[in-house]
Amino acid sequence: METCTKVTKDWLNTMEYREKNFAREKLVINPAKACQPLGALLCSLGIEGCLPFVHGSQGCAAYFRSTLARHFREPVAAVSDSMTEDSAVFGGQNNFHEGLKNAYTVYKPQLIAVFTSCMAEVIGDDIKAYLGNAKKQGSIPKEFPVALANTPSFKGSHIMGYDSMLKGLIDCLGEPREEDKLNDRLYVVPGFDTYPSNLREYKRYLKSMGAPFTLIPDYSEVLDSPNLGTYELFPGGTPIQEMKESLNAKSYLCLQSYSTPATSKYLEGKGVPVETIPMPIGVGGTDRFIEAIAKFTGQDVPEEITRERGRAVDAMTDAHQYIHGKKFALFGDPDILIGIVSFLLEMGGEPVHIVCTNSTPAFKKAMEKLLASSPYGQGATLYPGKDLWHLRSLLVTEPVDMLIGDGHGKYAARDADIPLIRIGLPIYDRVNLHRYPIIGYNGVINLITMIANTFLEEKDRNSTDTYFELMR
Amino acid sequence: MSVLETTDFRKQVVEEVLEVYPEKAQKNRRKHITVKENNECSSCAVKSNAKTVPGLMTARGCAYAGAKGVVWGPVKDITHISHGPVGCGFYSWANRRNLAEGEIGVDNFVPFLFTTDFQESDIIYGGDKKLEKVIEEVVELFPNTKGVSVLSECPVGLIGDDIESVARRMTEKLKMPVIPVRCEGFRGISQSLGHHIANDAIRDHLIGKGPKRDVGPYDVGIIGDYNIGGDAWASKKILEEIGLNVVNIWTGDSTVEMLQNGHLVKLNLIHCYRSMNYMARHMEETYGTPWLEFNFFGPTKIRESVLKIAAMFDDYIMEKAHAVLEKYEAEMQKVVETYRPRLEGKKVMLYVGGLRPRHVVGAYEDLGMEVIGTGYEFAHGEDYDKTMANIKDGTLIYDDVTAYELEEFVNRLKPDLVGSGIKEKYVFEKMGLPFRQMHSWDYSGPYHGYQGFPIFARDMDMAINSPTWKSIKAPWAK
Chain A
-1 METCTKVTKD WLNTMEYREK NFAREKLVIN PAKACQPLGA LLCSLGIEGC
49 LPFVHGSQGC AAYFRSTLAR HFREPVAAVS DSMTEDSAVF GGQNNFHEGL
99 KNAYTVYKPQ LIAVFTSCMA EVIGDDIKAY LGNAKKQGSI PKEFPVALAN
149 TPSFKGSHIM GYDSMLKGLI DCLGEPREED KLNDRLYVVP GFDTYPSNLR
199 EYKRYLKSMG APFTLIPDYS EVLDSPNLGT YELFPGGTPI QEMKESLNAK
249 SYLCLQSYST PATSKYLEGK GVPVETIPMP IGVGGTDRFI EAIAKFTGQD
299 VPEEITRERG RAVDAMTDAH QYIHGKKFAL FGDPDILIGI VSFLLEMGGE
349 PVHIVCTNST PAFKKAMEKL LASSPYGQGA TLYPGKDLWH LRSLLVTEPV
399 DMLIGDGHGK YAARDADIPL IRIGLPIYDR VNLHRYPIIG YNGVINLITM
449 IANTFLEEKD RNSTDTYFEL MR
Chain B
257 MSVLETTDFR KQVVEEVLEV YPEKAQKNRR KHITVKENNE CSSCAVKSNA
307 KTVPGLMTAR GCAYAGAKGV VWGPVKDITH ISHGPVGCGF YSWANRRNLA
357 EGEIGVDNFV PFLFTTDFQE SDIIYGGDKK LEKVIEEVVE LFPNTKGVSV
407 LSECPVGLIG DDIESVARRM TEKLKMPVIP VRCEGFRGIS QSLGHHIAND
457 AIRDHLIGKG PKRDVGPYDV GIIGDYNIGG DAWASKKILE EIGLNVVNIW
507 TGDSTVEMLQ NGHLVKLNLI HCYRSMNYMA RHMEETYGTP WLEFNFFGPT
557 KIRESVLKIA AMFDDYIMEK AHAVLEKYEA EMQKVVETYR PRLEGKKVML
607 YVGGLRPRHV VGAYEDLGME VIGTGYEFAH GEDYDKTMAN IKDGTLIYDD
657 VTAYELEEFV NRLKPDLVGS GIKEKYVFEK MGLPFRQMHS WDYSGPYHGY
707 QGFPIFARDM DMAINSPTWK SIKAPWAK
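In order, the protein sequence lines correspond to chains A and B. For the first sequence, the positions run -1 to 470 when my numbering is used. For the second sequence, the positions run 257 to 734 when my numbering is used.
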């Protein structure tokens, strides 16, 4: 028995196993993606007074809430209409009406955001018609806003659900675009982002550059709320009034390319100008963000931002020797991957394995272009649609120095005996990481701190007396 | 306040809290909440195991959560396939702290997510073929797997897939158990039906089908311990010290063989009655294997349970049992002496699942604490019957409590500690209230047995007496 275990254990680390592992066609093992409604829930938490509402099984709502509560260490509110077997037969309309009525009465939200679990999608519930009937029957007042999103979990991933919900929220609340109602604001869309601190940084930049703006959605006060001794169900978010004005924005700036394409298309269809730039990770990415704001305001970039940039660059030159030439494996959502890879290339780090479970053809093209643009990207391979068990095979057969990805990466990192830098969702096993921005110039400093200090920590831990030095 | 006054006050609280609901919801919820009074028939007073009111924030999960997350997930040498879209498997992946010995990926598959990752085409054309291929692939990539379980998610039951016949074919082809579990999330009204379905799958596909084994005179099994933070090992330690031989655990750190041979013991000891009583009964009815409920939380309950268990055996075991009780007495006394002065009189409100809303009461009382409110996510009438014996008159009891109700009850009853789950934790901590997760032990544990009690006591003290609570109010705040 013991030999059998040992033989298998060794076999898992072979090239032969890697080939077998990559040859699998249908089995998915440890994927780095969740399902659509999780993204829809995250998105809807970012609107002031908005109650997320899962149309479908109650277990889904419990899972989404637990996942986000564990990651953020914050309360996460959501209701469901608890569909069961009878709803599977007759449709979920009765549950939907009763659910809306109860949720509206008890929680007194300003808005309810409905999104679907796969049960409702499979049986083909028409939530738009259900909502019309609910208002007709008086379950909720006619004027009470309810945003809708179809978020089937058997299509796309959590980032697609974020997109559908955002589109639904704007569609529900946005008043028609009219020439004489246009406002002067830049609507900034962060995209599926699990760092409330990133959202705060975006707001800080926009404020300091004098741009009138609305961050949409904005869950920074919801998922990083202060402890003041009282619990608030609705601690903040994009104001409803600004949601109403969302189609009359001067223009939109989307800060992720792959988590908001449907929303962008919808806005453009309404005649709203939309610009999409890569998530502002790394100096180059942040520069593009700053330039986009400057273009919007028509003003020069303030001196204080140039100085802030300079501090980030100073941190880069100070620490380049700890990252240059180091080999990295990464996994995560498309936008984060583009951002972190850009940052590594700026530092002279060498990405080697890049696994993206929820990849798209457009992302593949963009990543390949990015890698081709730098001498440090030449040794990298993108593995679209692969999972963390594929990644494990890559790590044990073609070793690298560090893995970057969410907490689920700890198993593969341990097997490969390399450190894991936790970036993404979920992170259940470290505290406060969501409180350190990874975007902007401060994000550059934070990334360097995490990565370089981890290498230095490893070096100290693994040094014999002879090489255990005070200076590094 | 006298017990009578307390009871009246709490009854009044219930009425006030329910006022906010629309009529139908109010009528429904009133049946699920009561205050314990003298000689009250509990199961008449608390309605349970009923549908959740739509639109009210429930903590409940689904049948899949009960079957995969609770019962099957901890079985370590089986690869568990989450059959359907990616989400359910993702959200239940490696986050229930079911510790297991073994090499991860070699003979321990607990911290894995295996999924058929349904796409639109699978919904349209069905997923049976895909499932068959996935089972073949998982066995090829993980040659030490001793079986495969197929945990159905919602769409599987809705599109009419026949996973039973896939499982039959693959069982024959692979010469190992392939177990279909029909635990679609829309079935039933909570996790509870998922437990039952999971039990039925063990009955139909595993029990009695293992390699033959002689039953020793002191062989016992632990049923309904999922080894959260090592709980089952702490329980096993006591049982072995009193001379018993723990040959099976269901299902913490368990193997397929343990499930097949669960009946081959002299006595089954059941900790979480709710999730596994079905199989305990089945083994008794079919194989004549007796079972006994026990409670290893806190020295008082451990003592009661150890004596009750020993009484099922001979003098040899009884003598050893007394010796073990004596051996740990001083150590437990020291724990009580250390922590009781810091915790005496502190009031606790609980809202958990399974067995804990009643089983942990004694452990709190050992520390001089008082449980003033308790309730279950997915209990049945008999759970509330069992609860009454463990709680005092005037205790507030709430079934499938909504987030709103629990917050309001806590606001008005003002406990010093709340013990519940991750969805509740940060709500109460924002209120400045000490809190412990009583599903996951807040990543601590074990809490079972003699090994667990000092940890339990330390954790409760740490929560209640943490200096961090003192910083909440700013000195300039009005």
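Idealized CB from N, CA, C, for every residue including glycine. Given the structure is predicted, the values throughout are model-derived calculations rather than measurements.
With a threshold of 8 Å between beta carbons, is residue i in contact with chain A?
i	result
B:Y281	According to the sequence as given, residue 281 of chain B is Ala; it is not Tyr. B:A281 counts as touching chain A.
B:A423	no
B:A321	yes
B:N517	no
B:K324	no
B:P765	With chain B represented from 257 up to 734, any question about residue 765 of chain B goes unanswered, as that position is not in the structure.
B:D363	yes
B:V823	Here chain B comprises residues numbered 257 to 734, so residue 823 of chain B is not present and cannot be evaluated.
B:V390	yes
B:C528	no
B:E359	yes
B:V414	Looking at the sequence provided, one finds Leu at residue 414 of chain B rather than Val. Yes - at least one Cβ of chain A is within 8 Å of the one on B:L414.
B:R286	no
B:V674	no
B:K670	no
Have a look at the DSSP bridge pairing and note the partners of residue i.
i	result
B:W725	DSSP lists no partner for B:W725.
A:F211	A:L184
B:F365	In the DSSP output, where bridge partners are listed per residue, B:F365 has none listed.
B:W547	B:N524
A:P382	A:C354
B:R692	B:G675
A:C252	A:V187 and A:T274
A:I27	B:F370
B:W506	B:I479
So, under 8 Å CB-CB, residue i and residue j are touching, yes? Tell me the CB distance rounded to an integer number of Å.
i	j	result
A:Y250	A:K165	Incorrect: roughly 12 Å between the Cβ atoms, too far for contact.
B:G311	A:A101	4 Å
B:I337	B:L407	7 Å
A:F287	A:P278	4 Å
A:Y217	A:A38	Between A:A38 and A:Y217 the Cβ distance is about 13 Å, and since that is not below 8 Å, they are no contact.
A:Y193	A:T212	Not a contact, Cβ separation roughly 19 Å.
B:T630	B:M313	At roughly 19 Å, the Cβ-Cβ gap does not stay under 8 Å, so B:T630 and B:M313 are not in contact.
Are the C-beta atoms of residue i and some chain B residue less than 8 Å apart?
i	result
A:I338	no
A:N131	no
A:D79	yes
A:R68	yes
A:C48	no
A:M158	no
A:P29	yes
A:F190	no
Candidates the options: which alpha carbon is nearest residue i's?
i	options	result
A:N246	A:E46, A:E177, A:Y320 and A:I443	A:E177
A:T315	A:N460, A:K325 and A:T447	A:T447
B:M432	B:V404, B:F442, B:S446 and B:I415	B:V404
B:F374	B:V366, B:E359, B:R353 and B:E409	B:E409
A:E273	A:G280, A:V187 and A:N356	A:V187
B:G343	B:Y654, B:T371 and B:I678	B:T371
A:K268	A:K248, A:P276 and A:G375	A:K248
A:D84	A:L221, A:P143, A:A118 and A:K324	A:A118
Is there a Cβ of chain D sitting closer than 8 Å to that of residue i, yes or no?
i	result
B:M687	No chain D appears in this structure, whose protein chains are A and B.
Counting Cβ pairs closer than 8 Å, one from the segment 324 to 339 of chain A and one from the segment 359 to 370 of chain A, do we hit at least three? yes
Counting pairs of Cβ atoms below 8 Å between the segment 409 to 420 of chain A and the segment 387 to 394 of chain A, do you hit three or more? yes
Per the contact definition of three or more C-beta pairs closer than 8 Å, is the segment 529 to 549 of chain B in contact with the segment 444 to 456 of chain B? yes
Meets three-Cβ-pair contact criterion under 8 Å: the segment 347 to 363 of chain B and the segment 474 to 481 of chain B: no
Contact the segment 441 to 451 of chain B vs the segment 537 to 548 of chain B: 3+ CB pairs below 8 Å: no
Determine, using beta-carbon pairs with one atom in the segment 73 to 85 of chain A and one in the segment 31 to 49 of chain A, whether at least three such pairs fall under 8 Å. yes
Within the chosen definition, does the segment 189 to 207 of chain A reach the segment 23 to 34 of chain A through at least 3 CB pairs nearer than 8 Å? Contact fails: fewer than three Cβ-Cβ distances are below 8 Å.
Cβ pair count under 8 Å reaching 3, the segment 442 to 456 of chain A against the segment 83 to 92 of chain A: no
At a cut of 8 Å, does the segment 351 to 365 of chain B reach the segment 134 to 142 of chain A through at least three beta carbon pairs? no
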